[in-house]
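One structure below.
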Amino acid sequence: MIVGVVERDEGTVVIDGRPHDARNTKTKALIGYVPQELALYQDLTARQNLWFFAQLHGLRGRQGKSKVSEVLETIGLADRADEAVSGYSGGMARRLNIGIGLLNRPRLLILDEPTAGVDPQSRNSILESVQRLAAEGVAVLYTTHYMEEAERLCDRVGIVDLGQMKAEGTRRELVDMVGENDQVLLQVDGDLDRVRRALADAPQVRQVSGEGSRVDLLVEGARAVLPRLFEVVAGAGAAVRSAEVREPDLEAVFLHLTGKALRD
């Protein structure tokens with residue numbers, strides 16, 4: 001519906017401040033769409049694929065060739081540009097698929113599970129490309145089943161289950177919604193019993209445990225109060241050797257909201 005292939009039943013879509021629907025070619029021209037299924041001609045080279053789709057966008061002559069070369073550099077395929085796509089790895093084909101979505105300099109780039117079935121190296125390359133595009137001002141709508149990708153890439157996250165939006169917000173807002181506390185792991189030199197007693201009375205600390213030289217804490221908003229926790233440890237006559245903060249992740253939020261493991 002956002003791309004404009006299917007008419008929506010209700011609601012509105014606005015792109016770059018302009019109303020958008022399936023008949024509005026001007027707003028469609030602002031969208032780059034990268035489907036989950038590869039939309040490539042296997043018997044053509046990467047350059048030929050890009051040149052074909054560039055012409056569909058009205059990019060021809062010197063301008064079109066320059067844009068094709070620019071995209072090949074962006075997706076890291078300049079050195080393999082004249083090889084047939086049929087000989088590409090899954091990761092290379094995925095990157096070319098994304099490149100086609102970049103030809104028209106989109107204001108909105110829609111990526112449908114762009115890392116599905118690719119090797120770790122190609123996956124990391126794709127994620128780095130998405131981060132770079134976002135930093136350059138491209139709005140990115142990214143769908144994924146991999147929560148670590150959403151953690152790494154997204155400013156805002158929507159959790160959808162069985163076609164319904166269960167929650168939407170920043171990562172921190174989603175975690176706060178389910179009332180999860182951060183875990184703080186401290187390695188401490190000193191009187192551990194005294195340290196644990198002092199930390200149990202510290203602000204925002206909900207639970208204290210641990211054994212040996214380790215102190216495990218459940219803390220509300222750990223990063224904000226971490227300096228205060230160090231002061232409490234020092235006040236108890238001890239020293240912090242190392243500290244690790246583990247914040248609740250989006251997978252925990254998904255499970256809390258849906259009661260299910262990640263699935264299609």
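Using UniProt numbering, you'd call the opening residue of the sequence shown number 1 and step up by one each time. The beta carbon of each residue, even a glycine, is placed where N, CA and C say it ideally should be.
### Task
Alpha carbon to alpha carbon, how far is Asp155 from Gln121? Give it in angstroms, no decimals.
24 angstroms
### Query
From Gly91 to Asn124, what distance separates their C-alpha atoms?
10 angstroms
### Query
DSSP on Thr144, reduced to helix/strand/coil?
coil
### Message
Per the DSSP calculation, Leu185 is bridged to which residue(s)?
### Response
Asp216 and Glu244
### Query
Taking Cβ positions, are Met147 and Asp249 nearer each other than 8 angstroms?
yes
### Query
By Cβ distance, which residues of its chain are closer than 7 angstroms to Glu70, with the 5 residues on each side in sequence left out?
none
### Query
Counting along the chain, where does the alpha helix (DSSP H) carrying Met92 start and finish?
Gly90 to Leu102
### Message
For a quick check, are the C-beta atoms of Ala134 and Asn97 less than 8 angstroms apart?
### Response
no
### Query
Which class does Met177 belong to by DSSP, given the choice of helix, strand or coil?
It is helical.
#### Entry: Helix, strand or coil at Gly235 according to DSSP, with G and I counted as helix
helix
### Query
Of all the options Gly76, Leu218, Leu257 and Val225, which has the alpha carbon lying nearest to the alpha carbon of Gln207?
Leu218
### Message
Along the chain, where does the beta strand (DSSP E) containing Glu168 start, and where does it finish?
### Response
Gln164 to Gly169
#### Entry: Where the alpha helix (DSSP H) through Val253 begins and ends
Leu250 to Thr258
#### Entry: Residues of its chain near Asp119, where Cβ-Cβ distance is below 6 angstroms and the 5 sequence neighbours each way are ignored
Gly91
### Task
Could you tell me which of Val140, Thr170 and Gly163 sits nearest to Glu151, measuring between CA atoms?
Thr170
### Task
Quick one: grab the DSSP three-state call for Ile2.
Per DSSP, reduced to three states, the secondary structure at Ile2 is coil, with no helix or strand assignment.
### Buried or exposed by the 16-neighbour rule on C-beta atoms within 10 Å, applied to Lys26
exposed
### Query
What is the DSSP secondary structure of Leu77, counted as helix, strand or coil?
coil
### Extent of the continuous alpha helix (DSSP H) to which Asp193 belongs
Leu192 to Ala200
### Query
Leaving out five residues before and five after Asp264 in sequence, what residues of the same chain have Cβ atoms less than 8 angstroms from its Cβ?
Any reading at Asp264 needs caution, since the residue's pLDDT is 47, under 50, leaving its predicted position unreliable; the model's value is listed next. Closer than 8 angstroms at Cβ, skipping near neighbours: His145.
### Query
If you draw a straight line from the alpha carbon of Leu141 to that of Pro114, how long is it in whole angstroms?
11 angstroms
### Query
Contact check, Val253 vs Val195 under 8 angstroms by CB: the rounded distance?
Val253 to Val195, Cβ: 31 angstroms. No contact.
### Query
Under three-state DSSP, which class holds Gln121?
helix
### Query
Who are Pro19's beta bridge partners in DSSP?
Val14
### Query
In whole angstroms, what is the alpha-carbon distance linking Leu30 and Gln55?
16 angstroms
### Query
Would you call Val225 buried or exposed, if buried means 16 or more other Cβ atoms sit within 10 Å of its Cβ?
buried
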